[in-house]
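Reminder that position 284 of the sequence shown reads as 283 in numbering that gives the first Met the number 0, one-by-one numbering, no gaps.
From the three backbone atoms N, C-alpha and C, an ideal C-beta is built for every residue, glycine too.
Bear in mind the structure is a predicted one, so any value in this text is a computation, not a measurement.
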Amino acid sequence: MGRYGERMPKNENVFSSWRGWCGRVTSRLVHRGWRAVQRAGAVTAERPGPYRFGRIGVGTRLAFPQGTLFGEPWIELGEHCVIGEQVTLTAGMMPGVDLGPEPVLRIGNGVVLGRGSHVIASVRVEFGDDVFCGPYVYVTSDNHSYDDPDQPIGRQWPRSAPVHIGPGSWLGAGAVILPGARLGRNVVVAAGAVVRGEVPDHAVVAGAPARVIRRWAPDEGWQPPLRTPAPVPIPEGMTVEQLLALAELERAREQDWERAREQDRELEGREQEREPGAGRRSRSVEFHGPSPTREGDHREPAASPRDRDRHRRRRLGGARPRRPRGAAHGRGGHRRTAPSGPAAAGVPR
0 MGRYGERMPK NENVFSSWRG WCGRVTSRLV HRGWRAVQRA GAVTAERPGP YRFGRIGVGT
60 RLAFPQGTLF GEPWIELGEH CVIGEQVTLT AGMMPGVDLG PEPVLRIGNG VVLGRGSHVI
120 ASVRVEFGDD VFCGPYVYVT SDNHSYDDPD QPIGRQWPRS APVHIGPGSW LGAGAVILPG
180 ARLGRNVVVA AGAVVRGEVP DHAVVAGAPA RVIRRWAPDE GWQPPLRTPA PVPIPEGMTV
240 EQLLALAELE RAREQDWERA REQDRELEGR EQEREPGAGR RSRSVEFHGP SPTREGDHRE
300 PAASPRDRDR HRRRRLGGAR PRRPRGAAHG RGGHRRTAPS GPAAAGVPR
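Here you go:
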């Protein structure tokens, strides 16, 4: 369309339609092609690609595109791990360095590394099982030193210390784990926290530098208490299929509630549409039945002046009542009253 209210020439309409169709087809082809590239470029145990990891467990997947990867022979990945896009995994200071017979970077089973995360290991870095990391988490065993004030910091030999992240821990987005950090079991690291040193089991740390803001003890529970209610535990013996069936049932129930609320809104809208036109409807049915406004009252509703005039003309054979001469313009001082006699009956003089 051109300007508002103007119709575009036919050839321009055809060109616009063709261009829109080509754009839609191109978009679909690009997205389908990208999904195919992502599937083909993912690294798994069956399709390791050019990488020679020390170990890749069953069900582990490194999404495409990968980040920087080197020192793969000293990297071990457990089973059913999810490594997001652009994740960097390195072992050693630089590629091509012999790090000995033992693995340097070990990632346990069921570990999730979010998009853009970095794990830098020149000495031992270990992730326990079921560790979940948000996007852009940075874990390193190396740190720059600045002992010599006369030398550039980047040229001074870095300090290294092993890092351990306990099983079941959760690292929020943008968290930084510095060399020498040792996190216990089921530790929560808040987003953006900078952690160094030792963190006890079942603790929540936040800040830069990170400090413990909440802990759990068997005799006291969480201190300070949690602000949200505890989740309902999953019954023992329940299978994954049963959990999926419950989730589907809950989703269907939500859809039913939403459908019922939508019907209620439609009914309310119809009632609101009826209210402004109630007077017009009462005039349209005033000669077809009793008025429903008062119970037991069967009298006809009062007719409007327009309806009275219309029914009067219908009774008189369709002729419009004549006014006396001069009454239309107020001549002669006559009042504007309907005539009587033959003129009122429609009889020609």
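C-beta atoms of residue i and residue j nearer than 7 Å
i	j	result
Asp-141	Pro-151	no
Leu-182	Ser-168	yes
Ala-189	Ala-205	yes
Val-198	Val-186	yes
Leu-76	Thr-59	yes
Gly-165	Gly-127	yes
Gly-424	Ala-160	The requested residue 424 is not part of the displayed model; the chain covers only 0 to 348.
Gly-91	Ser-116	no
His-143	Gly-109	no
Gly-83	Tyr-135	no
Val-211	Ala-202	yes
Pro-72	Gly-48	no
Arg-184	Asp-200	yes
Val-111	Val-81	yes
Leu-350	Val-42	Only positions 0 to 348 of the chain appear in the structure, and residue 350 is not among them; the question remains open.
Gly-40	Phe-63	yes
Simplified DSSP assignment, three categories, for residue i
i	result
Ala-251	helix
Asp-141	strand
Gly-153	helix
Leu-61	strand
Thr-89	strand
Ala-244	helix
Leu-68	strand
Pro-341	Any reading at Pro-341 is ruled out, since the residue's pLDDT is 49, under 50, leaving its predicted position unreliable.
Arg-105	strand
Ser-16	helix
Leu-28	helix
Val-96	coil
Outcome for residue i when other beta-carbon atoms lying within 10 angstroms are tallied against a minimum of 16
i	result
Ala-251	exposed
Ile-106	buried
Pro-230	exposed
Thr-25	exposed
Gly-278	For Gly-278, the predicted model reports a pLDDT of 46, less than 50, meaning its position is unreliable and no value from the coordinates is stated.
His-333	At His-333, the pLDDT of 49 sits below 50, so the modelled position is not reliable; the number obtained from the coordinates is stated separately. By the neighbour-count rule (16 or more Cβ atoms within 10 Å), His-333 is not buried but exposed.
Pro-209	Going by the sequence as given, residue 209 is Ala instead of Pro. With 16 or more other Cβ atoms within 10 Å, it is buried.
Glu-125	buried
Trp-17	exposed
Gln-65	buried
Gly-56	buried
Ala-246	exposed
Pro-94	exposed
Pro-228	exposed
Host beta strand (DSSP E) of residue i (start-end)
i	result
Ala-202	202 to 205
Glu-75	74 to 76
Ile-164	162 to 164
Arg-213	210 to 216
Gly-220	220 to 222
DSSP bridge partner residues for residue i (one or two, in chain order)
i	result
Ala-120	Ala-90
Cys-132	Leu-112 and Leu-170
Arg-158	Asn-142
Glu-197	Arg-181
Arg-54	Glu-75
Val-188	Leu-170 and Val-204
Ile-233	According to DSSP, Ile-233 bridges with nothing at all.
Val-42	Leu-61
Glu-125	Arg-105 and His-163
Val-81	Arg-60 and Val-111
Val-36	Answer is none; Val-36 lacks a bridge partner.
Val-175	Tyr-137 and Val-193
Residue i: CB within 6 Å of a non-hydrogen atom of the ligand FAD
i	result
Asp-128	Ligands in the displayed structure: none, and consequently the ligand FAD is not present.
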